[in-house]
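Asker: Protein chains in written order, with the working numbering: chain A, 14 to 411; chain B, 3 to 525.
Beta carbons are placed, not taken as given, at the ideal position from N, Cα and C, and that holds for glycine.
The structure is given below, and queries will be raised subsequently.
Structure below.
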């Protein structure tokens with residue numbers, strides 16, 4: 014803190030916004046700075062109507078809910094665990110300034126500048142203790158694409174580098190990893206702030222993907238060591254991954270040991286037999302039961318198929334809404350058998366029962382999403398967030 | 003000393019004539035790779051768990067590649083190690099293979115068989131290319147009278163090469179089967195190969211079979227190791243496909259589950275000879291074939307010996323083996339797999355092994371599945387009585403009986419069923435009295451899980467009987483015809499008589515159906 018305080022006394026031209034305005038030919042308005050995050054509140058995710066539920070994707074053709082109480086108790090009574098790695102990524106975004114650029118005709122337009130802190134961390138559970146194993150923290154900025162008026166190649170990395178070389182940031186040991194340009198074209202009805210936030214979010218997902226891929230490449234994951242990732246699985250293999258057919262097969266198979274668990278989801282995508290949205294099917298899910306597994310494809314992610322199911326961790330009577338306490342679980346269909354006939358239902362039951370057993374203790378009181386949290390993920394999230402620069406210190410950089 | 007001649011036919015015996023199932027080639031090459039991985043771990047070339055065996059099938063190219071990252075063979079001894087036949091340095095009881103003939107099996111199924119290897123610290127990759135097609139041609143000529151010696155054939159088909167490599171740290175052994183014969187296309191069928199390896203290969207149990215930890219724990223207590231290796235097929239890891247549920251053949255749905263594992267150890271003179279685990283279920287019936295894991299399977303060094311039925315002959319009844327899932331691990335060094343690896347060589351150790359297992363199977367295991375099925379059927383009888391009794395009471399209450407005789411006939415059926423149920427209960431009590439630890443567990447499970455009888459819904463009377471019906475008052479029961487109050491007494495008597503005839507000549511269900519229809523028609 015003392016070092017941050019020191020930075021106040023520096024002359025203004027050294028401030029980040031001044032450097033940026035100079036490098037991009039804009040005019041900084043020194044506007045009100047504030048956080049624009051809502052991520053920590055329970056919510057329904059209404060996005061991605063593109064996702065299509067397809068056929069059942071498990072070996073037993075279940076038509077209704079599956080009770081897992083017995084299996085959960087059985088597994089809990091055995092001193093055995095297969096969920097051992099936990100990964101969480103989070104970001105905090107702030108509006109740090111308004112900046113004006115002169116457009117054709119001499120008219121200038123004001124755009125927001127968004128700054129973000131991204132943290133992606135992974136914890137490993139060994140002998141019933143959860144210990145951090147990896148953390149990646151990044152500071153990024155998102156600016157309107159018009160700031161690079163000429164579209165020079167390498168403009169953004171060069172600007173980020175220039176910024177990070179300024180005395181003030183150097184002294185604080187802070188670097189901006191990237192400047193992410195957001196699109197300013199008018200054929201998108203999203204607000205500029207949201208577009209910028211989406212850029213930061215994408216960067217976070219990229220960072221998560223890299224961390225998962227590292228764990229996969231290092232061969233740390235296997236049938237006795239699953240990775241539980243907070244949020245959806247959105248992985249598209251890279252060109253390098255695909256380069257060698259055999260290496261790619263091996264790599265892909267390692268995703269067998271990764272599951273994604275989401276606290277927020279869009280219950281509307283759950284369809285009944287007639288293809289009509291049926292969110293009630295998830296809302297009425299009884300305690301410690303799971304839904305059948307369905308397959309969905311997301312056109313955004315290419316030919317990779319996903320299996321999805323829902324588990325109720327908390328009694329509906331004890332939560333605020335019927336979707337609280339329901340966990341959405343995703344798994345990539347990896348093996349030949351899985352892509353053909355679906356995941357082995359017994360494996361789904363086992364994974365679900367282990368997840369049910371992760372529901373206690375709860376982070377009641379310290380997190381509004383307590384009903385949907387599983388504790389090791391909450392710990393990982395807390396670990397990542399504990400490494401953030403405080404909002405005040407961060408905003409004072411600008 | 004005289005030079006003895008080995009004719010070309012000996013090669014036929016060691017290759018095409020050796021095995022019934024072509025898939026054994028996977029077992030043979032895996033077995034060799036495992037031995038080399040063990041050696042590599044011992045020599046500290048690999049750390050424990052670093053050894054891998056990768057199998058790649060290419061259906062389009064018609065090739066099979068099996069590669070390990072173990073010791074590899076040094077260039078200096080490559081030709082001797084691979085060229086000589088039945089001259090292995092391996093030791094019986096220590097190594098999984100020891101005959102020095104297993105690697106030849108591939109010669110039967112492809113056009114060309116290639117062995118490639120490099121040892122750590124060497125800049126040489128050695129190759130042995132065998133013209134398998136030519137070998138089969140020469141053997142064929144031999145059987146038609148154009149005599150060749152084994153030596154001549156081997157010289158004609160084998161070629162050795164060496165190449166330089168920059169990667170001196172690499173160490174591997176690779177088998178390549180090029181151009182698989184059309185009649186052996188099964189060898190390239192991914193699913194068939196995977197299913198085969200899931201039970202034959204020395205691989206870990208899949209983690210959804212959570213009793214695996216009990217099995218490991220027991221092995222640890224016995225001081226034995228279950229050999230397990232990382233084996234992948236086209237990149238997919240192979241696991242032993244044990245599950246905790248038992249499925250029905252017709253529906254594919256769960257009918258029973260494995261709720262625990264039971265262990266049995268066999269000793270001779272205080273030394274562990276063999277040990278086994280057996281899955282405990284309600285033993286309702288012989289496990290249907292759809293459950294791939296069924297049968298007590300025999301393993302040595304964690305490689306399956308024979309098929310799922312290798313131990314079937316030790317049961318008095320053929321069906322015995324199919325009631326169980328489990329594995330018998332042979333430990334004693336004198337239990338030597340035969341060259342086909344479908345059973346053990348005949349010797350005193352095998353005789354003792356069979357004696358002990360036969361005794362346990364027929365005295366203990368047979369009792370369990372017999373008692374299991376007796377208890378299951380006894381409970382079925384009890385449940386049947388409960389159901390019939392409740393149905394009778396419901397019918398009585400609803401006034402479904404046509405007349406006294408009808409009621410009595412049905413009551414008789416209930417009473418007969420009651421008697422059967424009483425006998426069944428007696429049987430269960432007797433079994434319970436005698437039951438020991440495992441049997442008790444099975445009985446408890448059957449009692450907890452038995453399905454509760456479902457009571458059939460009885461049609462309620464259309465109209466409640468009138469109070470002034472003297473006959474019903476007299477008999478103390480409602481008559482079926484009481485509900486047909488629009489008819490006079492004489493008519494009802496006639497209808498009642500018809501109903502009575504129907505109930506006496508047909509079974510209760512059909513009678514009920516006909517009578518209901520008549521009632522509907524008369525309304």
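For the candidate residues A/156, A/242, A/132, whose alpha-carbon lies nearest to that of residue 172 of chain A?
Answerer: For the purposes of this step, residue 172 of chain A is identified with residue 159 of the first chain, where counting begins at 1. Of the listed residues, the one whose Cα sits closest to residue 172 of chain A is A/156.
Asker: What does DSSP give as the partner residues of residue 160 of chain B in its beta bridges?
Answerer: Translated into positions along the second chain, residue 160 of chain B becomes position 158. Bridge partners of residue 160 of chain B: B/132.
Asker: Residue 111 of chain A to residue 177 of chain A, Cα distance in whole Å?
Answerer: The count along the first chain starts at 1 and reaches residue 111 of chain A at position 98. The count along the first chain starts at 1 and reaches residue 177 of chain A at position 164. Distance between the alpha carbons of residue 111 of chain A and residue 177 of chain A is about 20 Å.
Asker: Taking only three categories from DSSP, how would you classify residue 101 of chain B?
Answerer: Locating residue 101 of chain B in the second chain gives position 99, where the first residue counts as 1. The answer is coil: DSSP assigns residue 101 of chain B none of H, G, I, E or B.
Asker: Taking the beta carbon of residue 1 of chain B as the centre, do at least 16 other beta carbons fall within 10 Å, making it buried, or is it exposed?
Answerer: Since the displayed chain B opens at 3 and closes at 525, residue 1 of chain B lies outside it and no answer follows.
Asker: Give the interface partners of residue 266 of chain A over in chain B, defined as CB-CB distance under 9 Å, in chain order.
Answerer: Reading the first chain from its first residue, position 253 is the one you call residue 266 of chain A. Result: 234, 236, 237, 238, 239.
Asker: Beta carbon of residue 338 of chain A, beta carbon of residue 70 of chain A: below 8 Å?
Answerer: Within the first chain, residue 338 of chain A is the residue found at index 325, counting from 1. Within the first chain, residue 70 of chain A is the residue found at index 57, counting from 1. It is not a contact, given that the beta carbons lie outside the stated cut-off.
Asker: DSSP puts residue 21 of chain B in a beta bridge; with which residues?
Answerer: On the second chain, residue 21 of chain B is found 19 positions in, with the first residue counted as 1. Paired residue(s): none; residue 21 of chain B is not in a bridge.
Asker: Since residue 72 of chain A contacts residue 255 of chain B with CB under 8 Å, what's their CB separation in whole angstroms?
Answerer: Along the first chain, one-based indexing puts residue 72 of chain A at 59. Along the second chain, one-based indexing puts residue 255 of chain B at 253. Rounded, the Cβ-Cβ distance is 11 Å, inconsistent with contact.
Asker: Thinking just about the alpha-carbon of each residue, which of B/23, B/15, B/513, B/324 is nearest to the one in residue 344 of chain B?
Answerer: Taking the second chain and counting its residues from 1, one reaches residue 344 of chain B at position 342. For residue 344 of chain B, the nearest C-alpha among the options comes from B/23.
Asker: If we count the other Cβ atoms within 10 Å of its Cβ and call it buried at 16 or more, is residue 278 of chain B buried or exposed?
Answerer: Along the second chain, read from residue 1 onward, the residue named residue 278 of chain B stands at position 276. Its Cβ being crowded by 16 or more others within 10 Å, residue 278 of chain B is buried.
Asker: Just mark residue 217 of chain B as buried or exposed, buried being the case when its beta carbon has 16 or more other beta carbons within 10 Å.
Answerer: Here residue 217 of chain B corresponds to residue number 215 of the second chain, with the count starting at 1. Per the 10 Å Cβ criterion, buried.
Asker: For residue 359 of chain A, return the contacting residues in chain B, with the cut-off set at a CB-CB distance below 8 Å.
Answerer: Residue numbering aside, residue 359 of chain A sits at position 346 when the first chain is read from its first letter. Neighbours of residue 359 of chain A on chain B, chain order: 210, 245, 246, 247.
Asker: On the CB-based measure, 16 or more other CB atoms within 10 Å of its CB, does residue 200 of chain A come out buried or exposed?
Answerer: Within the first chain, the letter at position 187 stands for residue 200 of chain A. Residue 200 of chain A should be labelled exposed.
Asker: By Cβ distance, which residues of its chain are closer than 6 Å to residue 365 of chain A, with the 5 residues on each side in sequence left out?
Answerer: Numbered from 1 along the first chain, position 352 holds the residue referred to as residue 365 of chain A. Hits under 6 Å: 81, 303, 324.
Asker: Who are residue 339 of chain B's beta bridge partners in DSSP?
Answerer: Translated into the one-based positions of the second chain, residue 339 of chain B becomes position 337. In the DSSP output, where bridge partners are listed per residue, residue 339 of chain B has B/346.
Asker: Give me the Cα-Cα distance between residue 476 of chain B and residue 410 of chain B, rounded to the nearest whole angstrom.
Answerer: In the second chain, residue 476 of chain B corresponds to position 474, counting from 1. In the second chain, residue 410 of chain B corresponds to position 408, counting from 1. Caution applies to residue 476 of chain B, whose pLDDT of 48 falls short of 50 and renders its modelled position unreliable; the value that the coordinates give is listed next. Going by the C-alpha atoms only, they are around 17 Å apart.
Asker: May I have a chain-ordered list of the beta strand (DSSP E) segments no shorter than 3 residues that lie completely inside the region 39–121 of chain B?
Answerer: 54–60, 65–70, 112–120, all fully within the region 39–121 of chain B.
Asker: Note down, in chain order, each residue of its chain lying with its Cβ closer than 6 Å to the Cβ of residue 461 of chain B, except the 5 sequence neighbours on either side.
Answerer: In the second chain, the residue the question calls residue 461 of chain B occupies position 459. Since pLDDT at residue 461 of chain B reaches only 49, below the 50 mark, its modelled position is unreliable, and the value read off the structure follows with that caveat. Nothing meets the Cβ criterion.
Asker: Hey, does residue 349 of chain A have any beta-carbon neighbour from chain B nearer than 8 Å?
Answerer: Numbered from 1 along the first chain, position 336 holds the residue referred to as residue 349 of chain A. Output row for residue 349 of chain A: interface = yes.
Asker: Would you list the one or two residues that DSSP bridges to residue 100 of chain A?
Answerer: Walking along the first chain from the start, residue 100 of chain A turns up at place 87. BP columns for residue 100 of chain A point to A/135, A/242.
Asker: If you draw a straight line from the alpha carbon of residue 280 of chain A to that of residue 274 of chain A, how long is it in whole angstroms?
Answerer: To locate residue 280 of chain A, count along the first chain from 1; it is residue 267. To locate residue 274 of chain A, count along the first chain from 1; it is residue 261. About 14 Å.
Asker: If the criterion is Cβ atoms closer than 8 Å, does the pair residue 240 of chain B and residue 234 of chain B meet it?
Answerer: Locating residue 240 of chain B in the second chain gives position 238, where the first residue counts as 1. Locating residue 234 of chain B in the second chain gives position 232, where the first residue counts as 1. Yes.
Asker: Quick one: list the residues of chain A neighbouring residue 58 of chain B, beta-carbon separation under 8 Å, in chain order.
Answerer: In the second chain, the residue the question calls residue 58 of chain B occupies position 56. 259, listed in chain order.
Asker: Under 8 Å Cβ-Cβ, which residues of chain B neighbour residue 352 of chain A?
Answerer: Walking along the first chain from the start, residue 352 of chain A turns up at place 339. Those within 8 Å of residue 352 of chain A in chain B number zero; the least Cβ separation is about 11 Å.
Asker: Residues of chain B with a CB under 8 Å from the CB of residue 236 of chain A: which are they?
Answerer: Start at 1 with the first residue of the first chain, and residue 236 of chain A comes out as number 223. Within 8 Å Cβ-Cβ: 206, 208, 209, 239, 241.
Asker: Note down, in chain order, each residue of its chain lying with its Cβ closer than 6 Å to the Cβ of residue 470 of chain B, except the 5 sequence neighbours on either side.
Answerer: Locating residue 470 of chain B in the second chain gives position 468, where the first residue counts as 1. Confidence at residue 470 of chain B is low in this model, with a pLDDT of 45, below 50, so the placement of that residue is unreliable and no value is reported for it.
Asker: How would you call residue 533 of chain B, buried or exposed, if buried means at least 16 neighbouring beta carbons within 10 angstroms?
Answerer: The first residue shown for chain B is 3 and the last is 525, placing residue 533 of chain B beyond what the model contains.
Asker: Is it true that the CB of residue 497 of chain B sits closer than 8 Å to the CB of residue 489 of chain B?
Answerer: The sequence position of residue 489 of chain B within the second chain is 487, counting from 1. The sequence position of residue 497 of chain B within the second chain is 495, counting from 1. A contact, by the Cβ cut-off of 8 Å.
Asker: Mark residue 258 of chain B as exposed unless 16 or more other C-beta atoms lie within 10 angstroms of its C-beta, in which case mark it buried.
Answerer: As a working note, residue 258 of chain B is residue 256 in the second chain. Buried, by the Cβ-count rule.
Asker: With DSSP collapsed to three states, give me the class of residue 410 of chain A.
Answerer: In the first chain, the residue the question calls residue 410 of chain A occupies position 397. Coil, per DSSP.
Asker: When Cβ atoms are compared, which residues of the region 86–111 of chain A fall closer than 7 Å to chain B?
Answerer: Result list: 88, 91, 93, 95.
Asker: Short of 7 Å in beta carbon distance, which residues of its chain neighbour residue 380 of chain B, apart from the five on each side in sequence? Order them along the chain.
Answerer: One-based indexing of the second chain puts residue 380 of chain B at position 378. 426, 429, 430.
Asker: Could you check if residue 144 of chain B belongs to the surroundings of the ligand NAD, using beta carbon to heavy atom distance under 7 Å?
Answerer: Because no ligand of any kind appears in the structure shown, any question about the ligand NAD cannot be addressed here.
Asker: Contact criterion: CB-CB distance below 8 Å. Does residue 373 of chain B meet it with respect to chain A?
Answerer: Stepping through the second chain from its first residue, residue 373 of chain B is reached at position 371. So, not an interface residue.
Asker: For a contact defined as C-beta to C-beta under 7 Å, what are the partners of residue 262 of chain A on chain B?
Answerer: Locating residue 262 of chain A in the first chain gives position 249, counting from the first residue. Simply 236, 237.
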